[in-house]
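Take a look at the structure below.
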Amino acid sequence: MTYKRKSILIIISFILSFNIFSIKNYTSAKEKNILITYDSYKAYGEKLNLLNEVIKLSLNLESNLEVINLEEIENINFNSYDEIILLKNRPEEFKENIINVLDSYSDKILMIINSDEEKENLFYKEISKSIRIKNLEDYDKNKTVREAILKMSKKNNKTFFMLDEAYPFDDLNELVKKIDYLYNKGIPFIISSMPIFNNQNSEAMKRYMEVLRYAESRGGSIILHYPYIYQKDNVSADIKEILSKMSMSQKSFQDYLVYATAIDISEDWIYFSDINKYLDTSNTLFITPIDEDIKISKYNMKINKKENVIEKVPYNNFNNKDNYLNNIAITLRSDTDFEVFKNNLDTIKENQIHFNDFMNMNSYVHMREDIIKKENGNIFLNNINVNSQKFISIKDFENMFIREVEDTTNNEEIDLSYANRWIILLTTIASFIFLIIGIRSRNLDRNKFFK
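In terms of the working numbering, the sequence shown opens at residue 3 and continues consecutively.
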């Protein structure tokens, strides 16, 4: 009886310990939520879209983001958010109802004040960790905001090198030279490859895929560049069509043994309606800056958490003195003249920039039924390791396809002959049975006749 009681107590203790451990794990794994609220996307008369900068930087915080205009926060429970960032671009003081909501938050709000105000508001001091940037130049404003937001991140930033916008109609021999140059210099690299929707069996496509396979064999990583599309404004695009087209392109790459492990978007895509349907296809996002002004008059949105966000910085805009703090990819267009490419790359290296290997950053792309995952330096397609030990040329690839067809045909022939043997055997047995029946019937008739 005592033994049974001890056993029961041990089992109960184990269950309680397991549940406590599970609860702790659940708590630590709880996703963070950040609210960004604003009165205007930029200050009157200024060019800098500060709201866009705040949103892009906040994507690095590995949290679910929600963006809500200040005029619509009255019924929002501020204490459901782990962090709140408030952007104030207008000089007008807050209305009483907004003050009450802000005052309800149990922690300090990060308030970015980019407006002229006659006197310092004591209330702002009480509720916020405020930074004032109105009198700074655009460059310094951006830098100050970057530092304030990215202090919330605990990740070490990484720097990658990217050959951007690779097309099938580029001079692919030149691209091979660049790949070899990077490989020989020991520089890990990424190729942002343009998606292909048509002529997927053309000779140009075969050669393009061959070069991308060559890049993979030389330590390069492939990601899917966004297609250029026309939209009337910042928030209208057919996400369903984009997803369908990009899934088609990813599948065609995959059929040619090229595995894209992240997606690349233009920064204005962030504001497309239903953009999460596309963004959620990957945990890793490269963001391409654009020169056009992104107009956001009064816009609310949600963006789901991203594990890895990498800001693309064109070589001409790269400033080694900047403390970027976030992940960046220094980019050169893939069709850059080879000599110019070498000179630019040598200039970057002179600044003692260390490039990280994107293969060491875990990522995935999940489109339709297929999941391409990069984990611990290996690439998996639907949990099958597809790392290639050697370069696969067009001829090798076609021979692989021919062998697959031959194997299939041989299997079908084996199956057919196997079935034929069974048919012959059954026919023979049936014939013997009918023969025996016939002989017995004949004997019966003879017996009746001679009886």
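From the three backbone atoms N, C-alpha and C, an ideal C-beta is built for every residue, glycine too.
| Query | Result |
| --- | --- |
| For the beta strand (DSSP E) holding Asn71, just list the boundary residues, first then last. | 65-71 |
| Could you tell me if Gly222 is buried or exposed, where buried requires 16 or more neighbouring beta carbons within 10 angstroms of its beta carbon? | buried |
| Name the residue from Glu243, Asp293, Ser117 whose alpha carbon lies nearest to the alpha carbon of Lys279. | Glu243 |
| By how many angstroms is the C-alpha of Ser395 removed from the C-alpha of Met303? | 46 Å |
| In the segment 331-389, which residue ranges form an unbroken beta strand (DSSP E) of at least 3 residues, counting only runs that do not cross its ends? | 365-369, 372-377, 380-383 |
| Using the three-state DSSP reduction, which class does Val315 fall into: helix, strand or coil? | strand |
| According to DSSP, is Phe255 helix, strand or coil? | helix |
| Extract the residue ranges of the beta strand (DSSP E) inside the segment 40-114, only unbroken runs of 3 or more that lie entirely within it. | 65-71, 85-90 |
| Suppose the cutoff is 6 Å on Cβ atoms and the five residues either side in sequence are ignored; what does the same chain contact list for Ala217 look like? | Ile181, Ile193 |
| Does the Cβ of Ser268 have 16 or more other Cβ atoms within 10 Å, making it buried, or fewer, making it exposed? | buried |
| How far does the alpha helix (DSSP H) with Lys279 in it reach, from first residue to last? | 278-281 |
| Could you tell me the alpha carbon to alpha carbon distance between Lys143 and Ile135, rounded to whole angstroms? | 6 Å |
| CB-CB under 8 Å to Leu327, same chain, minus the five flanking residues each way: which ones, in chain order? | Arg148, Glu149, Leu152, Ser155, Asn159 |
| Taking the Cβ atom as the reference point for each residue, do Thr333 and Leu165 lie within a distance shorter than 9 Å? | yes |
| CA-CA distance, Ser219 and Tyr273? | 37 Å |
| Is the segment 40-47 close to the segment 79-97, with three or more CB pairs under 8 Å? | yes |
| Would you kindly report the start and end of the unbroken beta strand (DSSP E) that includes Arg134? | 130-134 |
| Alpha carbon to alpha carbon, what distance is there between Ser108 and His227? | 42 Å |
| Residues in its own chain within less than 7 Å of Ser254 by CB, not counting five upstream and five downstream? | Ile198, Gln202 |
| Which residue marks the beginning of the alpha helix (DSSP H) containing Ser219, and which one marks its end? | 205-219 |
| Have a look at Ile231 and Asp105 and give me their C-alpha separation to the nearest angstrom. | 44 Å |
| Going by CA-CA distance only, name the one from Asn378, Glu205, Lys376, Asn306 that's closest to Ile57. | Asn306 |
| DSSP has Lys34 in a bridge; who is on the other side? | Ser65 |
| For my contact list, Ile78 and Leu112 are in at a C-beta cut-off of 8 Å; report their separation, rounded to the angstrom. | Wrong, their Cβ atoms sit about 17 Å apart, outside the cutoff. |
| Helix, strand or coil for Met250 per DSSP? | helix |
| With Val367 and Gln252 assumed to form a contact (beta carbons below 8 Å), what rounded beta-carbon distance in angstroms separates them? | 7 Å |
| Look up Phe288 in the DSSP assignment and say whether it is helix, strand or coil. | strand |
| When the Cα atoms are used, what is the spatial distance from Ala168 to Phe96? | 49 Å |
| Quick check: the Cα distance between Val315 and Ile75, rounded to an integer number of angstroms? | 34 Å |
| Ile181 lies in the beta strand (DSSP E); which residues open and close that run? | Per DSSP, Ile181 belongs to no beta strand (DSSP E); it is in the alpha helix (DSSP H), 174-187. |
| How many angstroms separate the CA atom of Phe399 from the CA atom of Asn116? | 58 Å |
| Can you round the beta-carbon distance between Ser49 and Asp118 to whole angstroms, since I take them to be within the 8 Å contact cut? | Looking at the sequence itself, residue 49 is Lys, so the reference to Ser does not match. In fact, because the Cβ distance is near 17 Å, the residues do not count as touching under 8 Å. |
| Assign Phe454 to one of two classes, buried (16 or more other C-beta atoms within 10 Å of its C-beta) or exposed (fewer than that). | With the chain covering only 3 through 453, there is no way to say anything about residue 454. |
| Less than 9 Å between the C-beta atoms of Ile224 and Tyr261, yes or no? | yes |
| Could you work out which residue in Lys157, Asp359, Leu67, Met207 is closest to Tyr258 when comparing CA atoms only? | Met207 |
| If you run the structure through DSSP and keep just helix, strand and coil, what is Asn413? | Residue placement at Asn413 is poorly supported in this model, since its pLDDT is 47, which falls under 50; the coordinates still yield a value, given next. Looking at Asn413 - three-state DSSP - the assignment turns out to be helix. |
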